[in-house]
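Engineer: Following this message is one structure expressed as structure tokens.
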């Protein structure tokens, strides 16, 4: 029978098996405490419903499904849920354009994606489906906000914030990438606003220290990115006296270089600059501040940017030597880092040196490193060395000098050792409509009053749509008078609701807990069920969330631990990051005209072929260039595999031990290798081994013992189970062809027979002067001495040696012998 005659039709069986899986409850996780199976939680980063599934979805969910289906075969009780991160700006912008409510666009897209997920054959437990824009979900966002507020972890303050002029809303620091809005790409500016924050900085040390739990389970680059973002540094707070204005504190990681401070710099946009500036310098400062407001933090910190600044007309007193040093305002110091001011040591800090050269300020060397004078070379010397020109520190090394100067400062009451972090508190309020309303009522008498738990959720109004939602610099909710004006829950007086909504990263910071009990009504989640399922054994998603969602989720988990609601401090045991699906070496985009439509690929080649292509293209973390892969080739392989399953002539239950031993060895080696490869996430190599098993079975049918041999059935059944984690539809059909009922997804994973893994002989390559001269069939147990004698006795080897002299024989038994002549 030819491939064409036995052609597998992928479209004919998809609806059949979707209905069968639903009928059988094949992928439903059991909450029964008496269920003896070990629990495993496979979690995918949930999607945003902006249109249908795309190629990126196709890759990440294919990868996650390999893990979930493998665990099912291994006999685990697997939780593999699905939901939608359904609040956010795209829905709101679509509603403005269509003069509609954001919910209309959102839920229509959710249904489109849900249907595509079912078609794609992902093993979701659909009974746990959730949408973060449902009041039943965001009620608990508000409940959790209130708990954070009660603990002082949610607070409101004024200050400079990142503002996206396009989306007309503030952004968290983590949502600014290279000075631009991470969502729309607009240049971000700084504005003075009063906003809500989560006090994530209270957990900075724990966020760092608990990474020890994640070593080996998370990619090292993600841990490195988080460590860098949190940015823990040890140093000292040092008090300088500003003449006429009193003390000002600066933070420095190098207090040992205090004697080298020759000027003082205040962030141009810090309140301190405006407070201490001399009257005659105020116009220059205000003009400079207007220019600085146009710059992003990335621009300001760039080492390539020309240094600018304004002298403030005042001087500071260096606390260690009493020297008067000029005070400047500059853009390369940030108002929200440390105390918004620095001591400048130009000899040993490149940015300080660049500034000093730009404004002809003195450079004083206090660290002897052996390098030339920075004032001459223009290159600062920030490293290790001996202290000079530093009074009591002269001759000391860095560590001893830091300890000594901190002791001196503390004794004089002029400073103390401290720890600082790059991490800033999470700015969570947004001036847009489609998000969780912040459950605070502002009362002229009582101040900030939380909405009582029994009055939650504070629902979004249904009557705002279209132009009502257009960005105005304040939340559209501010214009909904009937919604805003309320009675104070504390005193009963006239009050107003907070009109900002929460950052959508709040929604995704705990959704994985809600999956454990999505219908629970007495709290955000059933504590006992979370203890049974969490932490999630495997999380799969993009590395772009390394310092956004992943950091926030870790923070939420630690707060919930302190609230006594969870008994773990890290939510995800293992993390797998997938690469991108690109085309012709570039990210897909409409402007480049290189987009690939996932639905069209499925229509053309079938779900199984597309999924197999995604998995076979390379390691999960590497990019897939769709121009370099072939779903058509995957389709042909699947047809060959299905043909093997269809042609088996023996009956189910036959004794495999009576079959051809050579084919059985291939089968069991494949089981052994594929099992280890899947466990190690080397899915592409695992598929290659399945292809080799298919070829071996085909050969056995065509020219070996024949289709009726029990070993052929064993190979075909093994192939069906192994391949089912990647190609679910064809293997379900193949399992039926093999005479079995039920779903293959619940069939136990095959176990390799150790006796069949023992090789009776192996091929040893013998090289002379680096060239292969012979191949020997030998026992895998052969000793190095025996192998050397055999190799030297070979006629081909002797001919290659000729008149030469053997200088060395390198033996790597049983695989290779290398003879050096």
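Numbering (the UniProt record's numbering), first residue to last: 1 to 821. Glycine is no exception: its CB is placed at the ideal position from the N, C-alpha and C atoms.
1. State whether the segment 588-608 contacts the segment 74-93, with contact taken as three or more CB pairs (one from each stretch) at a distance under 8 Å.
2. Under DSSP, the alpha helix (DSSP H) around residue 251 begins and ends at which residues?
3. Can you tell me which of 216, 341, 367 and 391 puts its alpha carbon nearest to the alpha carbon of residue 266?
4. Does the Cβ-Cβ distance between residue 458 and residue 439 come in under 9 Å?
5. For the alpha helix (DSSP H) holding residue 208, just list the boundary residues, first then last.
6. Check the DSSP bridge columns for residue 496 and list the partner residues they point to.
7. According to DSSP, simplified to helix, strand and coil, what is residue 773?
8. Nearest to residue 230 by CA position, among 437, 259, 740 and 174, is which residue?
9. Could you check the C-alpha separation between residue 97 and residue 466 for me, to the nearest Å?
10. What are the start and end residues of the beta strand (DSSP E) that includes residue 150?
11. Nearest CA to the CA of residue 580: which residue from 573, 589 and 574?
12. Can you give me the C-alpha to C-alpha distance between residue 381 and residue 350, rounded to a whole angstrom?
13. Kindly indicate which three-state DSSP category residue 123 falls into: helix, strand or coil?
14. Under the DSSP definition of a beta bridge, which residues are partnered with residue 586?
15. Do the segment 326-343 and the segment 285-296 meet, that is, are 3 or more Cβ pairs less than 8 Å apart?
16. On the premise that residue 325 lies in contact with residue 262, defined as a C-beta separation below 8 Å, what is that separation, rounded to the nearest angstrom?
17. Between the C-alpha atoms of residue 639 and residue 108, what's the straight-line distance to the nearest angstrom?
18. According to the Cβ coordinates, are residue 363 and residue 374 closer than 9 Å?
19. Residues in its own chain within less than 8 Å of residue 682 by CB, not counting five upstream and five downstream?
20. Thinking residue 753 and residue 766 are a contact (beta carbons under 8 Å), I'd like their distance in whole angstroms, please.
21. What are the boundary residues of the alpha helix (DSSP H) that includes residue 57?
22. Which residues does DSSP list as the beta-bridge partners of residue 536?
23. From residue 521 to residue 162, what does the alpha carbon distance come to, in whole angstroms?
24. Apart from the five residues on each side of it in sequence, which residues of its chain come closer than 8 Å, Cβ to Cβ, to residue 223?
25. Hey, could you find the ends of the beta strand (DSSP E) residue 87 is sitting in?
26. Kindly list the residues whose CB is nearer than 7 Å to the CB of residue 873, restricted to its own chain and excluding five residues on each side of it in sequence; keep chain order.
27. For residue 443 and residue 177, I'd like the C-alpha separation in whole angstroms.
28. Between residue 537 and residue 514, how many whole angstroms is the CB-CB distance? I'm expecting something under 8 Å.
29. Count Cβ pairs between the segment 400-419 and the segment 143-163 that sit closer than 8 Å; are there 3 or more?
30. Alpha carbon to alpha carbon, how far is residue 125 from residue 62?
31. Helix, strand or coil for residue 426, going by three-state DSSP, please let me know.
32. Under a Cβ-count criterion, where at least 16 other Cβ atoms within 10 Å of its own Cβ denotes burial, should residue 812 be classed as buried or exposed?
33. With three or more beta-carbon pairs closer than 8 Å as the criterion, would you say the segment 699-717 touches the segment 649-657?
34. Could you tell me the distance, in whole angstroms, from the CA atom of residue 16 to the CA atom of residue 727?
35. Identify every run of the alpha helix (DSSP H) within the segment 312-389, keeping only runs that are complete inside it and at least 4 residues long; order them along the chain.
36. Exposed or buried, residue 667, counting other C-beta atoms within 10 Å across all chains shown (16 or more means buried)?
Structural biologist: So, to answer that:
1. no
2. From DSSP, residue 251 is part of no alpha helix (DSSP H) but of the beta strand (DSSP E) over 246-252.
3. 341
4. yes
5. 204-209
6. 442 and 485
7. strand
8. 174
9. 7 Å
10. First-last for residue 150: 135-150, but that is the alpha helix (DSSP H), not the beta strand (DSSP E).
11. 589
12. 8 Å
13. coil
14. 583
15. yes
16. 6 Å
17. 36 Å
18. yes
19. 619
20. At roughly 32 Å, the Cβ-Cβ gap does not stay under 8 Å, so residue 753 and residue 766 are not in contact.
21. 55-73
22. 572
23. 37 Å
24. 211, 214 and 215
25. Element bounds for residue 87: n/a, residue is neither H nor E.
26. For residue 873 there is no data in the structure shown, the boundaries of the chain being 1 and 821.
27. 37 Å
28. Wrong, their Cβ atoms sit about 18 Å apart, outside the cutoff.
29. no
30. 15 Å
31. strand
32. exposed
33. yes
34. 15 Å
35. 350-359 and 374-377
36. buried
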